[in-house]
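Asks: The letter at position 122 of the sequence shown is residue 122 when you use UniProt numbering, and the numbering goes up by one with no holes.
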Amino acid sequence: MTTASPADPEAAVVFGVLVALGELFRMVMPGNREVAPIATAGALGYALLDTVGGVPAHQSPLQVVAVVAIGMFAGSLPHFAVGGAPRLDEMARRLLIIALVALCFRPVADSGLGWGPVLVLMGCAVVASCFLDVTVAAVIRSGAVRARFGIVLRDEIGAKLPLCAATGATAMLIAVATSVMGLAALLIFTAPILVTQFAFRRYAGIRATYLQTVRALSRVTEVGGYVETGHSRRVSGLSVAMGRELGMSEEELLELEYAALMHDIGQLSLGDPIPGGATVLASPREQRRIAELGAEVIKQTGVLDRVAYIVERQCDPYRSADQPAPPLASRIIKAANAYDDLVGDSTDRDRGAAVLERLRLDSAAEYDPTVVEALGRAVDRHPVRF
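This is how it looks when you write it as structure tokens:
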């Protein structure tokens with residue numbers, strides 16, 4: 001019987017080309033996650049391949065890894081040519097997952113089991129690859145952003161599991177259909193993941209546009225001379241770092257970032273700017289007016305109501321007899337804004353320590369003590385200002 005072996009490289013070439021094309025058209029999802037669903041589906045499909053048009057496929061795990069690695073490298077060459085170097089950690093993670101699937105599945109596939117057990121094993125391999133991919137990504141990301149592993153794992157599951165499921169299902173379709181239709185099945189059964197990638201790319205583009213718009217809007221107060229240059233960016237970076245210290249989810253961190261960038265937008269209504277834009281030195285009444293006007297501006301977007309509420313409550317004290325405590329995001333912005341108002345872009349650690357001590361003294365009513373301690377840890381972890 002003729003077999004699809006390294007001596008007959010047609011299947012290897014076709015799958016290698018599919019992986020290369022997938023790497024060429026990889027995309028960046030929200031949260032700055034690089035993904036290549038077409039390449040991953042093709043690589044996983046090749047690792048799970050049992051027969052090609054009825055001819056048994058006996059590619060070794062080493063051959064699977066070699067084909068996928070060459071395809072990844074070939075697909076990355078155009079990115080290198082235009083100066084867009086790929087993220088080697090992301091590529092290494094994808095290759096590692098494929099290698100583990102090939103090492104576990106290929107010996108079983110070559111043992112002559114019937115289609116029933118093979119399909120069950122395919123499903124188990126796909127599920128295992130999804131969870132392994134998410135777990136490894138969470139380990140890498142938790143170290144990169146200095147966040148707790150459990151929180152990052154939850155975010156990775158929410159962000160990547162739907163795409164992992166679509167990719168794994170496509171890989172199984174490719175492997176099963178190729179056994180009947182031959183290599184022509186790749187042209188048909190990569191279409192679903194192509195549509196899925198288009199939808200995710202569009203979603204990622206919308207999220208990126210939102211963030212760019214918010215960042216541009218936050219600079220209006222700086223250009224107008226209402227706040228110091230870089231104030232909104234520093235408060236935003238410090239707030240996100242504090243949010244991670246306090247275990248906020250990625251979606252909550254995104255809302256926190258939006259609100260922190262626009263927390264001073266209400267100052268545009270002032271006839272005379274506050275000296276240095278330091279709202280912490282303004283009267284409580286003036287702070288309330290700035291927060292409410294800023295919230296009204298944000299509400300006009302029609303899609304950021306929760307962000308508007310965070311901005312509206314940012315000036316409220318932590319403990320008040322008249323109303324419940326502000327949201328955690330509002331408490332974070334209040335502390336981060338006060339810190340930056342008093343420290344600015346200075347890197348003097350003694351000055352920063354003195355401001356932290358001042359905020360701690362006000363923690364009885366004005367600032368949340370837990371948030372102030374998170375501020376201290378964030379400043380210690382990021383001695384260079386954001």
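For every residue, glycine included, the Cβ atom is placed at its ideal position computed from N, Cα and C.
At the level of alpha carbons, what is the spacing between residue 278 and residue 84?
Replies: For the purposes of this step, residue 278 is taken as residue 278 along the sequence shown, with counting starting at 1. For the purposes of this step, residue 84 is taken as residue 84 along the sequence shown, with counting starting at 1. For residue 278 and residue 84, the distance between alpha carbons rounds to 40 Å.
Asks: State the start and end residues of the unbroken alpha helix (DSSP H) segment that holds residue 91.
Replies: As a first step, residue 91 must be located in the sequence shown, where it is residue number 91. Segment 88–109, the alpha helix (DSSP H) holding residue 91.
Asks: Figure out for me which residue from 10, 86, 333, 81 has the closest Cα to the Cα of residue 52.
Replies: Against the sequence shown, residue 52 aligns to sequence position 52. Of 10, 86, 333, 81, the residue nearest in Cα terms is 10.
Asks: Which residue marks the beginning of the beta strand (DSSP E) containing residue 33, and which one marks its end?
Replies: Along the sequence shown, read from residue 1 onward, the residue named residue 33 stands at position 33. Looking at the DSSP string, the run of the beta strand (DSSP E) that includes residue 33 is 33–35.
Asks: Does DSSP put residue 248 in a helix, a strand or coil?
Replies: To locate residue 248, count along the sequence shown from 1; it is residue 248. Correct three-state label for residue 248: coil.
Asks: Look up residue 51 in the DSSP assignment and say whether it is helix, strand or coil.
Replies: The residue labelled residue 51 in the question sits at position 51 within the sequence shown. Residue 51 falls in the strand class under three-state DSSP.
Asks: Apply the 10 Å Cβ neighbour rule to residue 345 and answer buried if 16 or more other Cβ atoms are within range, or exposed otherwise.
Replies: One-based indexing of the sequence shown puts residue 345 at position 345. Looking at its Cβ environment, which holds fewer than 16 other Cβ atoms inside 10 Å, residue 345 is exposed.
Asks: How would you write the range of the beta strand (DSSP E) that residue 172 sits in, first residue to last?
Replies: The residue given as residue 172 occupies position 172 in the sequence shown. First-last for residue 172: 149–181, but that is the alpha helix (DSSP H), not the beta strand (DSSP E).
Asks: By a C-beta neighbour count over all protein chains shown, 10 Å radius and 16 as the cutoff for buried, is residue 142 buried or exposed?
Replies: As a working note, residue 142 is residue 142 in the sequence shown. Burial call: buried.
Asks: Could you tell me whether the Cβ atoms of residue 224 and residue 153 are closer together than 8 Å?
Replies: Taking the first residue of the sequence shown as 1, we reach residue 224 at position 224. Taking the first residue of the sequence shown as 1, we reach residue 153 at position 153. Not closer than 8 Å, so no.
Asks: Just reading off the alpha helix (DSSP H) that residue 122 is part of, what are its end residues?
Replies: Position 122 of the sequence shown, counting from 1, holds the residue named residue 122. Its alpha helix (DSSP H) spans residues 115–145.
Asks: What's the gap between the Cα of residue 79 and the Cα of residue 24?
Replies: As a first step, residue 79 is located in the sequence shown; it is residue number 79 there, counting from the start. As a first step, residue 24 is located in the sequence shown; it is residue number 24 there, counting from the start. The straight-line gap from Cα to Cα measures roughly 7 Å.
Asks: Kindly indicate which three-state DSSP category residue 369 falls into: helix, strand or coil?
Replies: The residue you call residue 369 lines up with position 369 of the sequence shown. Correct three-state label for residue 369: helix.
Asks: Just to confirm my understanding: we take residue 99, look at its own chain, exclude 5 residues before and 5 after, and list those with CB closer than 6 Å. What are they?
Replies: Numbered from 1 along the sequence shown, position 99 holds the residue referred to as residue 99. Excluding sequence neighbours, residue 99 sits near 65.
Asks: From which residue to which residue does the beta strand (DSSP E) around residue 28 run?
Replies: Position 28 of the sequence shown holds residue 28. Residues 27–29.
Asks: At a cut of 8 Å, does the segment 359–368 reach the segment 285–304 through at least three beta carbon pairs?
Replies: Because the criterion of three Cβ pairs below 8 Å is not met, the segment 359–368 and the segment 285–304 do not touch.
Asks: Is it buried or exposed for residue 3, if we count other Cβ within 10 angstroms and need 16 for buried?
Replies: On the sequence shown, residue 3 is found 3 positions in, with the first residue counted as 1. Because residue 3 sits at a pLDDT of 46, beneath the cut-off of 50, its placement in the model cannot be relied upon, and the point is left open.
Asks: Does the ligand HEM have a heavy atom nearer than 7 Å to the CB of residue 362?
Replies: Absence of the ligand HEM from the depicted structure is noted, as is the absence of any ligand whatsoever, leaving it without description.
Asks: With DSSP run on the structure shown, which of helix, strand or coil describes residue 57?
Replies: Here residue 57 is taken as the residue at index 57 of the sequence shown, counted from 1. Residue state, collapsed to three classes: strand.
Asks: Return the CA-CA distance between residue 45 and residue 172, expressed in angstroms with no decimal places.
Replies: Along the sequence shown, read from residue 1 onward, the residue named residue 45 stands at position 45. Along the sequence shown, read from residue 1 onward, the residue named residue 172 stands at position 172. Each residue's Cα considered, the two are about 6 Å apart.
Asks: Which same chain residues, not among the five before or five after residue 387, have their C-beta less than 7 Å away from its C-beta?
Replies: A question about residue 387 goes unanswered here, because the residues of the chain that appear run from 1 up to 386.
Asks: Just mark residue 323 as buried or exposed, buried being the case when its beta carbon has 16 or more other beta carbons within 10 Å.
Replies: Locating residue 323 in the sequence shown gives position 323, counting from the first residue. So residue 323 ends up on the exposed side.
Asks: To the nearest angstrom, how far is it from the Cα of residue 121 to the Cα of residue 219?
Replies: To locate residue 121, count along the sequence shown from 1; it is residue 121. To locate residue 219, count along the sequence shown from 1; it is residue 219. Distance between the alpha carbons of residue 121 and residue 219 is about 55 Å.
Asks: Quick check: residue 250 and residue 316, are their CB atoms within less than 8 Å of each other?
Replies: Within the sequence shown, residue 250 is the residue found at index 250, counting from 1. Within the sequence shown, residue 316 is the residue found at index 316, counting from 1. No. Outside cutoff.
Asks: DSSP state of residue 322, grouped into three classes?
Replies: As a first step, residue 322 is located in the sequence shown; it is residue number 322 there, counting from the start. In the structure shown, residue 322 sits in coil (DSSP, three-state: anything other than H, G, I, E or B).
Asks: Residue 203: buried (16+ other C-beta within 10 angstroms of its C-beta) or exposed?
Replies: Taking the sequence shown and counting its residues from 1, one reaches residue 203 at position 203. By the 10 Å Cβ count, residue 203 comes out exposed.
Asks: Roughly how many whole angstroms lie between the Cα atoms of residue 349 and residue 356?
Replies: The count along the sequence shown starts at 1 and reaches residue 349 at position 349. The count along the sequence shown starts at 1 and reaches residue 356 at position 356. Between residue 349 and residue 356, the C-alpha separation is close to 10 Å.
Asks: Note down the Cα distance separating residue 38 from residue 187, rounded to an integer number of angstroms.
Replies: Residue numbering aside, residue 38 sits at position 38 when the sequence shown is read from its first letter. Residue numbering aside, residue 187 sits at position 187 when the sequence shown is read from its first letter. Approximately 12 Å, taken between the alpha carbons.
Asks: Quick one: residues in its chain with C-beta nearer than 7 Å to the C-beta of residue 247, no 5 flanking neighbours on either side, listed in chain order?
Replies: Counting from 1 along the sequence shown, the entry for residue 247 is found at position 247. Hits under 7 Å: 148, 151.
Asks: Hey, residue 252 and residue 377 are a contact pair by Cβ (cut 8 Å); roughly how many whole angstroms apart?
Replies: Counted from its first residue, the sequence shown places residue 252 at position 252. Counted from its first residue, the sequence shown places residue 377 at position 377. About 18 Å separates the two Cβ atoms, so there is no contact after all.
Asks: Return helix, strand or coil for residue 262, following the three-state DSSP convention.
Replies: Here residue 262 corresponds to residue number 262 of the sequence shown, with the count starting at 1. Residue 262: coil per DSSP, three-state reduction.
Asks: Relative to the alpha-carbon of residue 163, which residue among 30, 236, 117 has its alpha-carbon at the smallest distance?
Replies: Mapped onto the sequence shown, residue 163 falls at position 163. Nearest of 30, 236, 117 to residue 163, Cα basis: 30.
Asks: Measure the C-alpha to C-alpha separation of residue 380 and residue 373 and round it to an integer number of angstroms.
Replies: Here the question's residue 380 lines up with position 380 in the sequence shown. Here the question's residue 373 lines up with position 373 in the sequence shown. Roughly 11 Å between the two C-alpha positions.
Asks: Who are the Cβ neighbours of residue 382 in its own chain at under 7 Å, not counting the five residues just before and after it?
Replies: The count along the sequence shown starts at 1 and reaches residue 382 at position 382. Closer than 7 Å at the Cβ level, and outside the excluded window around residue 382, lie 241.
Asks: Straight-line CA distance for residue 7 to residue 139?
Replies: As a first step, residue 7 is located in the sequence shown; it is residue number 7 there, counting from the start. As a first step, residue 139 is located in the sequence shown; it is residue number 139 there, counting from the start. Caution is warranted here: a pLDDT of 38 is assigned to residue 7, below 50, making its placement in the model unreliable, and no coordinate value can be reported.
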